[in-house]
Amino acid sequence: MNKPENVAAADYAVRDISLADYGRKELDIAETEMPGLMALRADYGEDKPLKGARIAGSLHMTIQTAVLIETLVELGASVRWASCNIFSTQDHAA
């Protein structure tokens with residue numbers, strides 16, 4: 001998943017960006033374990049049914065949450081997210 005062009009580099013805070021490659025691998029694995037979200041992407045991704053929707057969330061920032069966020073974006077939503085607990089945040093997912 002690529003960062004939207006209209007998002008400035010300072011628009012987010014990530015503790016250690018060097019974990020991104022590891023996080024991407026974990027996301028790829030998690031996607032195989034989340035068939036419901038993958039089915040939504042396959043069935044509705046091209047239609048962008050959430051186009052124009054602005055979704056904000058605050059939830060534990062885990063690999064599974066990242067898969068949810070990527071699904072919402074793929075379905076057309078504009079998403080902003082905040083971790084609700086610094087102790088449960090998986091840095092490689094952020």
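Heads up: the sequence shown begins at 1 in this note's numbering, then just goes up one per residue. Cβ coordinates follow ideal geometry from the N, Cα and C atoms, glycine included.
Item to check | Contained beta strand (DSSP E) runs [length at least 3] in the segment 25-72, N- to C-terminal order | outcome: 54-59
Checklist entry - Exposed or buried, what is residue 67 when buried is set at 16 or more other beta-carbons lying within 10 Å of its beta-carbon? => result Counted from its first residue, the sequence shown places residue 67 at position 67. Its Cβ being crowded by 16 or more others within 10 Å, residue 67 is buried.
Checklist entry - Excluding the five sequence neighbours on either side, which residues of its own chain have a C-beta within less than 7 Å of the C-beta of residue 74, listed in chain order? => result Here residue 74 refers to the residue found at position 74 of the sequence shown. 41, 45, listed in sequence order.
Checklist entry - Looking at the unbroken beta strand (DSSP E) that takes in residue 79, where does it start and where does it end? => result Here residue 79 refers to the residue found at position 79 of the sequence shown. Its beta strand (DSSP E) spans residues 78-83.
Next on the checklist: Given a cut-off of 9 Å on the beta-carbon distance, is the pair residue 94 and residue 83 in contact?
Outcome noted: Numbered from 1 along the sequence shown, position 94 holds the residue referred to as residue 94. Numbered from 1 along the sequence shown, position 83 holds the residue referred to as residue 83. Closer than 9 Å, so yes.
Item to check | Cut-off 6 Å between Cβ atoms - residues of its own chain near residue 16, not counting five sequence neighbours on either side | outcome: Taking the first residue of the sequence shown as 1, we reach residue 16 at position 16. So the list reads 91, once near-sequence residues are dropped.
Next on the checklist: Here's the rule I'm using: 16 or more other beta-carbon atoms within 10 Å means buried, otherwise exposed. How should residue 71 be labelled?
Outcome noted: Start at 1 with the first residue of the sequence shown, and residue 71 comes out as number 71. With 16 or more other Cβ atoms within 10 Å, it is buried.
Item to check | residue 26 classed as buried or exposed, judged by whether at least 16 other C-beta atoms fall within 10 angstroms | outcome: By one-based count along the sequence shown, residue 26 stands at place 26. Looking at its Cβ environment, which holds 16 or more other Cβ atoms inside 10 Å, residue 26 is buried.
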